[in-house]
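I have placed the structure first, in the form of structure tokens, so that the comments after it can refer back to it.
There are 2 protein chains.
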Amino acid sequence: LLLFAQIDRQKTATETGSRKCRELFSAMEAIAPPLDNQARPNDQFLQPPVTPKVFALDIGGSLAKLAYERTYRYKRSVPQIEECLEFIRENILQADGADASQRGDMTGGGAYRFKDLITRTLGVELNKEDEMECLIRGCVFMLRNIPDELFYYDKHATPAHVFVSNCLVDTFPFLLVNIGSGVSILKVESPTSYSRVGGTSIGGGTFWGIGSMLSGGDFDQLLRLADQGDHRKVDMLVRDIYGGDYAALGLHADVIASSFGLAARSPEQPRCLADAIKSLLITVSNNIGQLACLYAKQHNLTRILFGGFFIRGHGLTMEVSSDSLSLVHTAHLGELKNYI
Amino acid sequence: LLLFAQIDRQKTATETGSRKCRELFSAMEAIAPPLDNQARPNDQFLQPPVTPKVFALDIGGSLAKLAYERTYRYKRSVPQIEECLEFIRENILQADGADASQRGDMTGGGAYRFKDLITRTLGVELNKEDEMECLIRGCVFMLRNIPDELFYYDKHATPAHVFVSNCLVDTFPFLLVNIGSGVSILKVESPTSYSRVGGTSIGGGTFWGIGSMLSGGDFDQLLRLADQGDHRKVDMLVRDIYGGDYAALGLHADVIASSFGLAARSPEQPRCLADAIKSLLITVSNNIGQLACLYAKQHNLTRILFGGFFIRGHGLTMEVSSDSLSLVHTAHLGELKNYI
Chain A
1 LLLFAQIDRQ
11 KTATETGSRK
21 CRELFSAMEA
31 IAPPLDNQAR
41 PNDQFLQPPV
51 TPKVFALDIG
61 GSLAKLAYER
71 TYRYKRSVPQ
81 IEECLEFIRE
91 NILQADGADA
101 SQRGDMTGGG
111 AYRFKDLITR
121 TLGVELNKED
131 EMECLIRGCV
141 FMLRNIPDEL
151 FYYDKHATPA
161 HVFVSNCLVD
171 TFPFLLVNIG
181 SGVSILKVES
191 PTSYSRVGGT
201 SIGGGTFWGI
211 GSMLSGGDFD
221 QLLRLADQGD
231 HRKVDMLVRD
241 IYGGDYAALG
251 LHADVIASSF
261 GLAARSPEQP
271 RCLADAIKSL
281 LITVSNNIGQ
291 LACLYAKQHN
301 LTRILFGGFF
311 IRGHGLTMEV
321 SSDSLSLVHT
331 AHLGELKNYI
Chain B
1 LLLFAQIDRQ
11 KTATETGSRK
21 CRELFSAMEA
31 IAPPLDNQAR
41 PNDQFLQPPV
51 TPKVFALDIG
61 GSLAKLAYER
71 TYRYKRSVPQ
81 IEECLEFIRE
91 NILQADGADA
101 SQRGDMTGGG
111 AYRFKDLITR
121 TLGVELNKED
131 EMECLIRGCV
141 FMLRNIPDEL
151 FYYDKHATPA
161 HVFVSNCLVD
171 TFPFLLVNIG
181 SGVSILKVES
191 PTSYSRVGGT
201 SIGGGTFWGI
211 GSMLSGGDFD
221 QLLRLADQGD
231 HRKVDMLVRD
241 IYGGDYAALG
251 LHADVIASSF
261 GLAARSPEQP
271 RCLADAIKSL
281 LITVSNNIGQ
291 LACLYAKQHN
301 LTRILFGGFF
311 IRGHGLTMEV
321 SSDSLSLVHT
331 AHLGELKNYI
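Taken in order, these protein sequences are the chains called A and B. Those letters in the first sequence? Residues 1 to 340, by the numbering used here. Those letters in the second sequence? Residues 1 to 340, by the numbering used here.
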């Protein structure tokens, strides 16, 4: 069971990019009635903001994400932050004639790190919101307002995204796993009661970082490369050690015993880059899934929702995560809360 | 608190290799009285074997480890398994005039995978032992018989290995984390009661595999490279995102937010290999430490012992693991049980 606004019932996860983003925001424009509107008529999350915001900016570790004018999204890597701020100044503030301090909010660590640069470029200090609070508010907004947000990923189904509607009332409590450059894991008991219970530094930045050192590709090139690879040529499976199953422990021959273990065994052998990148994606995704399960058990939670830019509708990532979990969620939650 | 026979009170972890191995086996020859001999006078682990074994062989995913004649050890990578078997035939069996089936045992997945090759080369079928059972028996033997086996690693102390004696009686139950090519995590309640409760494919083979793809070095070259590197040039710290602490979550500026995250942020920037290898070692070690903590909590265990060839007395590996745990153990347990 889970949620993901970028995919509809009829489409597979292979379609991403700006068209899907426009669809997402079109869906937001025609906002569906909140699923549990009856139950919480005065909920703060459903009230329109006093002053509608023109733009919202989320500057994370690797990416700066901008949402503006309800329809458009803009993304730049963090080293291009100046270009991003110039874009806001020229295309949003000057066109709108707006006062940035009234019309824009920001979140993410970059809101603090680049505070002076932002103030200098936009000519005014922007309001800063805590990123965990934004994350939860964005997530709750999506859960309540976007139809077909909740699905699970079943690699044997066609399409693989199996949607489940009207599940919100039973959604709390859940574990929210936000996969950015690193991973934060939050226990969410209600829209206003949550805590960060754990995390891991092995996240999207690790896949991107090691992947780019191995291949030189950017994030989406790496994902495409992973689709073409065969991880069994790089990973050491149980069969590579035992010649078959390790029956005494119930470990099937195909279980990965050591990620990149074959690259270690015969390092001089030439490797296909796609195989290595696929192995890397599986390594990172499996580890996040395993940690999420352990934290969920520790906190007696049975629902795990995944979000963050690392997943972005990529089939393999979801397949590997759901091998552990049968639950996947992803959305761009941070800047969304600022926007609404 | 913990155990590690390859390091004595006066020496640092930098001394490894054959001299240390000889010291280990010399110590075994003059076996110390079992610490809890009084409590368990008829324990099977303290009885001498009916027929003393001449050699014991443990063929894992990456390495074949051989112990023979109480003093010598021999190690080859798995692709060199034929050379290893020839060594046994020429230097042990022919010199000793022994029947291999009576004088040698073997364990590890390779005992199954290379069964035919072993039988053909040695002219006889060797007895196979389950590797988890060997692991536990070797570990218990070390705990009971080797003085100064138990220590904790404190990077601020000189030497960093702080030994604690006579702790065995209170050692059970504990979590045993065996770091080979992959990682197995066992709950050990007594010498004869244990179960594999978890593991991870991110182990020594992952460090060796990714490391060799990045640098071309072998395992020990990689460890030396890691000693020279600065992971902060490759890892994204909280300060790289926030410009300082993320105070609201209590995350210090120096905490690693995303392993290899800076390599992702500016992939075109030339990287020092040593920095990347150090980051890789920290990534793998931290993750094992975190998983070990989570499994220990899940099973209500307060003691975690680390073993396996990945650690091999390397200071950084132990420092990083003990940042999470304050407990480190390592020894070559698999072939040891076969040997005794």
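Idealized CB from N, CA, C, for every residue including glycine.
Start and end residues, beta strand (DSSP E) containing residue i
| i | result |
| --- | --- |
| Arg-196 (chain A) | 193 to 200 |
| Asp-58 (chain B) | 55 to 59 |
| Ala-67 (chain B) | 63 to 68 |
| Gly-307 (chain A) | 304 to 307 |
| Gly-250 (chain A) | From DSSP, Gly-250 (chain A) is part of no beta strand (DSSP E); its letter is neither H nor E. |
| Ala-257 (chain A) | 256 to 258 |
Inter-residue CB distance, residue i and residue j (contact presumed, cutoff 8 Å)
| i | j | result |
| --- | --- | --- |
| Gly-180 (chain A) | Gly-289 (chain A) | Not a contact, Cβ separation roughly 16 Å. |
| Leu-291 (chain B) | Thr-206 (chain B) | The pair is not a contact, with the Cβ atoms about 13 Å apart (cut-off 8 Å). |
| Val-238 (chain B) | Ala-257 (chain B) | 5 Å |
| Gly-217 (chain A) | Gly-211 (chain A) | 7 Å |
| Arg-89 (chain A) | Leu-122 (chain A) | 6 Å |
| Ile-81 (chain B) | Gly-110 (chain B) | 7 Å |
| Val-284 (chain B) | Arg-265 (chain A) | So it is not a contact: roughly 17 Å between Cβ atoms. |
| Met-132 (chain B) | Leu-57 (chain B) | Not a contact, Cβ separation roughly 17 Å. |
| Ile-92 (chain B) | Phe-55 (chain B) | 5 Å |
| Leu-222 (chain A) | Ile-277 (chain A) | 5 Å |
| Tyr-295 (chain A) | Gly-198 (chain A) | 5 Å |
| Gly-209 (chain A) | Ala-253 (chain B) | No, Gly-209 (chain A) and Ala-253 (chain B) are not in contact; Cβ-Cβ is about 20 Å, not under 8 Å. |
Residues that DSSP places opposite residue i in a beta bridge
| i | result |
| --- | --- |
| Ala-95 (chain A) | BP columns for Ala-95 (chain A) are empty, so no partner. |
| Phe-174 (chain B) | B:Val-188 |
| Asp-105 (chain B) | B:Ala-56 and B:Asn-127 |
| Ser-77 (chain B) | B:Leu-63 |
| Val-183 (chain B) | B:Ile-179 and B:Thr-200 |
| Tyr-246 (chain B) | B:Leu-251 |
Local conformation of residue i per DSSP, three classes
| i | result |
| --- | --- |
| Asn-145 (chain B) | helix |
| Lys-128 (chain A) | strand |
| Lys-155 (chain B) | coil |
| Val-238 (chain A) | helix |
| Pro-49 (chain A) | In this prediction, Pro-49 (chain A) has a pLDDT of 48, which is less than 50 and means its spatial position is unreliable; what the coordinates show is noted afterwards. DSSP places Pro-49 (chain A) in coil when its eight states are reduced to three. |
| Ser-215 (chain A) | helix |
| Phe-310 (chain B) | coil |
| Ala-111 (chain A) | helix |
| Leu-85 (chain A) | helix |
| Leu-301 (chain B) | coil |
For residue i, the first and last residue of its enclosing alpha helix (DSSP H)
| i | result |
| --- | --- |
| Ile-118 (chain B) | 115 to 122 |
| Gln-298 (chain A) | 273 to 298 |
| Gly-261 (chain B) | 261 to 265 |
| Glu-228 (chain B) | Note that residue 228 (chain B) corresponds to Gln in the displayed sequence, not to Glu. Per DSSP, Gln-228 (chain B) belongs to the alpha helix (DSSP H) from 219 to 228. |
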